[in-house]
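Structure first, then comments.
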Amino acid sequence: MTAQPSRPFTLVVEAGPGTARLHLVGDLDYDTSGELTRQADVCLTEIPDLRELHLDCARLRVCDSMGVATLLMIHRRTSARKTALHLDNPPPFLERILDLTGIRQLFVHAPASEQDEQTHTNEAGPTSHPPTAPTRRPTV
Numbered sequence: 001m002t003a004q005p006s007r008p009f010t011l012v013v014e015a016g017p018g019t020a021r022l023h024l025v026g027d028l029d030y031d032t033s034g035e036l037t038r039q040a041d042v043c044l045t046e047i048p049d050l051r052e053l054h055l056d057c058a059r060l061r062v063c064d065s066m067g068v069a070t071l072l073m074i075h076r077r078t079s080a081r082k083t084a085l086h087l088d089n090p091p092p093f094l095e096r097i098l099d100l101t102g103i104r105q106l107f108v109h110a111p112a113s114e115q116d117e118q119t120h121t122n123e124a125g126p127t128s129h130p131p132t133a134p135t136r137r138p139t140v
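Numbering (the numbering used here), first residue to last: 1 to 140.
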């Protein structure tokens, strides 16, 4: 058996007062998940008063079981710090994974067109409305 070469994975970080956005590009898998974990930890420890961590998944191509485990680990760390974890622009394959594994409700989640309408910041801090139900049903 020959090993498949790892596809490139890059992270682009945008940070502002109380928020950080990580743009995930490529494959989130066994070989690349450590990079996402490290960068999320940097955001959590080095951005003062971080209230929201956004993972922009629009250009994510693959998410294997290690990628899912990484998302759950980041969720635990953000929850411990009372930081909202957003999965923005999830591609259809990631939506299906979240549904099949029953973890969708752990993440603040909205398609790109709904993000601005669903997430609001007020004096008490960020609030978000629950995501709307998916319009299509997964096939079995």
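Built from N, CA and C at the ideal position, the CB exists for glycine as well.
Per-residue burial, Val108 [other beta carbons within 10 Å of its own, 16 or more giving buried]: As a working mapping, residue 108 is identified with position 108 in the sequence shown. Its Cβ being crowded by 16 or more others within 10 Å, Val108 is buried.
At what residues does the beta strand (DSSP E) containing Arg77 begin and finish? Locating residue 77 in the sequence shown gives position 77, where the first residue counts as 1. It is not in any beta strand (DSSP E) - Arg77 instead sits in the alpha helix (DSSP H) that spans 65–80.
In three-state DSSP terms, what is Leu50? Your numbering for residue 50 matches position 50 in the sequence shown. In the structure shown, Leu50 sits in coil (DSSP, three-state: anything other than H, G, I, E or B).
Note down, in chain order, each residue of its chain lying with its Cβ closer than 6 Å to the Cβ of Ala58, except the 5 sequence neighbours on either side. The residue labelled residue 58 in the question sits at position 58 within the sequence shown. Only Asn89 meet the Cβ criterion.
Rounding to the nearest angstrom, what Cα-Cα distance links Arg61 and Pro48 in this structure? The residue labelled residue 61 in the question sits at position 61 within the sequence shown. The residue labelled residue 48 in the question sits at position 48 within the sequence shown. Approximately 31 Å, taken between the alpha carbons.
Using the C-alpha atoms, what's the distance from Thr32 back to Met73? If you number the sequence shown from 1, residue 73 lands on position 73. If you number the sequence shown from 1, residue 32 lands on position 32. Distance between the alpha carbons of Met73 and Thr32 is about 14 Å.
In the structure shown, what three-state DSSP assignment does Thr37 receive? As a position in the sequence shown, residue 37 is number 37, starting the count at 1. In the structure shown, Thr37 sits in a helix (DSSP, three-state: H, G or I).
With Thr70 and Thr37 assumed to form a contact (beta carbons below 8 Å), what rounded beta-carbon distance in angstroms separates them? For the purposes of this step, residue 70 is taken as residue 70 along the sequence shown, with counting starting at 1. For the purposes of this step, residue 37 is taken as residue 37 along the sequence shown, with counting starting at 1. Thr70 to Thr37, Cβ: 6 Å. Contact.
Taking buried to mean at least 16 other C-beta atoms within 10 Å of its own C-beta, is Thr45 buried or exposed? For the purposes of this step, residue 45 is identified with residue 45 of the sequence shown, where counting begins at 1. Answer is exposed; the Cβ neighbour count stays below 16.
Do you know offhand how far Cys43's Cα is from Pro91's? By 1-based counting over the sequence shown, the position of residue 43 is 43. By 1-based counting over the sequence shown, the position of residue 91 is 91. In a straight line, the C-alpha of Cys43 is about 24 Å away from that of Pro91.
Thr19 to Gly67 span [Cα, whole Å]: By one-based count along the sequence shown, residue 19 stands at place 19. By one-based count along the sequence shown, residue 67 stands at place 67. Cα to Cα, the separation comes out at about 22 Å.
Going straight from the alpha carbon of His75 to that of Gln105, what length do you get? Here residue 75 is taken as the residue at index 75 of the sequence shown, counted from 1. Here residue 105 is taken as the residue at index 105 of the sequence shown, counted from 1. His75 and Gln105: Cα-Cα distance of roughly 11 Å.
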